[in-house]
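Data first, discussion second: the structure below is written as structure tokens.
Residue numbers (my numbering): 186 to 304.
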């Protein structure tokens, strides 16, 4: 990091995109704790932050797709589905759009509902 240029760091940036919380990211974070603040350290901080933000956006999108899939698989209307899982239709809509991420217990309920209805 101290002696390279952006082309030299490309493999590091690529790894951050693939695994934003992985060992490479953690090593860089440890380095940034004691390294003097300069353009290079700012660049690496931004790269980690951007990689994590992008990963979280992808995860929210995946959760929203799973919620939409569960609603569709249930054969219920969105309002009926919301009632079945114990939330409001408007809140369920925010989950399905990805603007709000459901809690872990709500997500499990949502994902389990189509299977429960098949019984």
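All residues carry an ideal CB built from backbone N, CA and C; glycine is no exception.
Residue burial classification, residue i (beta-carbon count within 10 angstroms, cutoff 16)
{"i": "residue 259", "result": "buried"}
{"i": "residue 221", "result": "exposed"}
{"i": "residue 301", "result": "exposed"}
{"i": "residue 247", "result": "exposed"}
{"i": "residue 231", "result": "exposed"}
{"i": "residue 280", "result": "buried"}
Element boundaries [alpha helix (DSSP H), containing residue i]
{"i": "residue 222", "result": "Careful: residue 222 lies outside any alpha helix (DSSP H) and carries neither H nor E."}
{"i": "residue 201", "result": "191 to 203"}
Alpha carbon of residue i to alpha carbon of residue j, nearest angstrom
{"i": "residue 239", "j": "residue 191", "result": "20 angstroms"}
{"i": "residue 275", "j": "residue 205", "result": "33 angstroms"}
{"i": "residue 265", "j": "residue 288", "result": "20 angstroms"}
{"i": "residue 261", "j": "residue 292", "result": "17 angstroms"}
{"i": "residue 297", "j": "residue 243", "result": "22 angstroms"}
{"i": "residue 197", "j": "residue 270", "result": "43 angstroms"}
{"i": "residue 236", "j": "residue 194", "result": "15 angstroms"}
{"i": "residue 226", "j": "residue 202", "result": "17 angstroms"}
{"i": "residue 251", "j": "residue 210", "result": "29 angstroms"}
{"i": "residue 200", "j": "residue 283", "result": "26 angstroms"}
{"i": "residue 285", "j": "residue 263", "result": "16 angstroms"}
Given residue i as reference, the closest of the options once Cα atoms are compared
{"i": "residue 268", "options": "295, 282, 246 and 253", "result": "295"}
{"i": "residue 188", "options": "207, 215, 224 and 200", "result": "224"}
{"i": "residue 254", "options": "213, 207 and 277", "result": "277"}
Any non-hydrogen atom of the ligand ATP closer than 8 angstroms to residue i Cβ
{"i": "residue 222", "result": "Among the components modelled here there is no ligand, and therefore nothing to report on the ligand ATP."}
Only counting runs of 4 or more residues, tell me where the alpha helix (DSSP H) segments fall wholly within the region 223 to 304, in order along the chain. 224 to 259, 263 to 270, 274 to 282 and 289 to 303
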